[in-house]
Amino acid sequence: MSSSPAPVAGLRWRPITAQDVPNWHGLVRAIEAADDPAERYTAEDLHDELLDGSWKDPVRDSTIGIDDDGVPRAFGHVQVLPGDVRTVRAFCWGGVHPQWRGRGIGRELLAWQERLGREKIAAARPTGPGRVLVNVDDGLTATESLLDRAGFRRLRVYLELTRPLDVGIPAPSLREGLQLVPYEASLSEAVRLAHNEAFADHWGSEPRDRENWERQSVGGRYFRPAWSFVVLDGEEVAGYSLTSAYEQDWAAQGYSAGWTDLLGVRRPWRRAGVATALLAATMRALREDGIECADLGVDVENPNRALDLYTALGYRESRRSLAYGKDV
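Per UniProt numbering, residue 1 is the first one in the sequence shown, and the count goes up by one each step.
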């Protein structure tokens, strides 16, 4: 596996360790202050990015650039999630301290990430399609130019939507036989399987295995069962909404919000008001807890015209992000 980026004057590359997390977090915060991303990271988040999951190996998957004073100035991370069956995806994430930009560090980091991504994809599945992916907040033109020059293509545009809760919330009714219930842990596996089915026709989506689901969705520290709901048809899951509280983002965005990470409706129950009922229930739960807004994200090219539904419910665009990729 590719061990580190090419040498850059003034930096020494090595894998990230758990002991690096406090200083790494300082670097990430400096990058966030300059770039104003939608998503903010706590030190606990960084620890989990590095170590939380049986598929993670920081010696193989990460690098950090240390200057002559022992201060981190750049980092990169690549992971391939378990369970990809249609296209094996290598997700790349990294950054360079604002004062160290313009020295070619980002270019070398991206080249290392692509090499490692290709190797990890080949190791996961020697034949079949793979894709190296980088997500970018809209407006980071230097990063977009870097990706363009490296041969990455803009593949998708994602909107982040917000809906104030100080205005009326709809009270939709479900057809006979459907029941909206609060999420509970006993529904986890049924909801996971429903999610894999519901998102099978969504671009870039791959099945979630049990470990990934439990660690990064319903078992995550930010997940809020009290803001999450399931629509049942008998014992079958027709649809679900899973919402989290990313409180570390609230100060920068200027309001408190519940973020609906996942909203899905299985095909036999689409066009039956299930998604509307789920979102309305989420809005009511958020408002009862004193939260100011309901937020979520959507692919502009969602095949089920989800953006039309969200707009009709009062959601409006607050910002956007871009998915860049290279097929391998």
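Positions of the beta carbon are idealized from the N, C-alpha and C atoms, including for glycine.
If I measure Cβ to Cβ from residue i and keep anything under 6 Å in the same chain, skipping five residues before and after, which residues do I get?
i: R12; result: I66
i: V59; result: P15
i: V249; result: Here residue 249 is Asp; the residue named in the question, Val, does not match the sequence. Closer than 6 Å at Cβ, skipping near neighbours: R40.
i: L296; result: L161 and T260
i: G83; result: P207 and D209
i: A124; result: V80 and V88
i: S256; result: W250, I291 and E292
i: A90; result: V78, V80, G117, K120, I121 and V132
i: G130; result: V88, I121 and V328
i: R287; result: L165
Can you tell me where the beta strand (DSSP E) with residue i in it begins and where it stops?
i: H77; result: P72 to V80
i: D295; result: C293 to D299
i: N302; result: N302 -> no beta strand (DSSP E), and no H or E assigned at all.
i: A13; result: Before going on, a small fix: residue 13 reads as Trp here, not Ala. Start and end: R12 to R14.
i: W213; result: Per DSSP, W213 belongs to no beta strand (DSSP E); it is in the alpha helix (DSSP H), R210 to Q216.
i: A43; result: Per DSSP, A43 belongs to no beta strand (DSSP E); it is in the alpha helix (DSSP H), A43 to L51.
i: V8; result: V8 -> no beta strand (DSSP E), and no H or E assigned at all.
i: L262; result: A257 to V265
Please classify residue i as buried or exposed, where buried requires at least 16 neighbouring CB atoms within 10 angstroms.
i: R267; result: exposed
i: R208; result: buried
i: S321; result: buried
i: E173; result: Residue identity check: residue 173 is Ser in the sequence provided, not Glu. It counts as exposed.
i: D45; result: buried
i: D166; result: exposed
i: T127; result: exposed
i: G104; result: exposed
i: R192; result: buried
i: G234; result: exposed
i: P37; result: buried
i: G254; result: exposed
i: G102; result: exposed
i: T141; result: exposed
i: G175; result: Gly is not the amino acid found at residue 175; the sequence shown has Arg there. The residue in question, R175, is exposed, as its Cβ has fewer than 16 Cβ neighbours within 10 Å.
Along the chain, where does the alpha helix (DSSP H) containing residue i start, and where does it finish?
i: I31; result: V21 to D35
i: Q253; result: W250 to Q253
i: V191; result: S188 to A198
i: P58; result: P58 to D61
i: L313; result: It is not in any alpha helix (DSSP H) - L313 carries neither H nor E in the DSSP assignment.
i: V167; result: Note, V167: premise wrong, no alpha helix (DSSP H); not H, not E.
i: A238; result: Premise fails: A238 lies in the beta strand (DSSP E), E236 to S244, not in any alpha helix (DSSP H).
i: V274; result: V274 to E288
CB-CB under 7 Å to residue i, same chain, minus the five flanking residues each way: which ones, in chain order?
i: V265; result: A198, A238, G239, V274 and A275
i: T311; result: none
i: D138; result: R319, R320, S321 and L322
i: V194; result: The residue asked about is misnamed: residue 194 is Ala in this sequence, not Val. For A194, where only same-chain residues beyond five positions count, the Cβ hits under 7 Å are V237, Y240, G264 and R266.
i: T282; result: W227, F229, S241, T243, G258, T260 and A294
i: residue 354; result: Beyond the ends of the chain as shown, which are 1 and 328, falls residue 354; an answer cannot be given.
i: Y222; result: S244, A245 and Y246
In its own chain, which residues sit with a C-beta less than 8 Å from the C-beta of residue i, not counting the 5 before and 5 after it?
i: P170; result: T276, A280 and L313
i: C92; result: G76, H77, V78, L110, Q113, E114, G117, V132, L133 and V134
i: A226; result: P182, A285 and D289
i: D20; result: I64 and P72
i: W269; result: L178, V231, D233, A238 and G239
Practice item. Report yes or no: do three or more beta-carbon pairs, one from the region 56-64 and one from the region 74-81, lie closer than 8 Å? Key: yes
Point to revise | 4 or more residues per run - each alpha helix (DSSP H) lying fully within the region 72-148 | key: 105-124
Review point. Is it a yes or a no for the region 200-214 touching the region 226-246, going by three-plus beta-carbon pairs under 8 Å?
Key: no
Practice item. Say whether the region 90-100 touches the region 24-38, bearing in mind that this needs 3 or more beta-carbon pairs closer than 8 Å, one atom from each stretch. Key: yes
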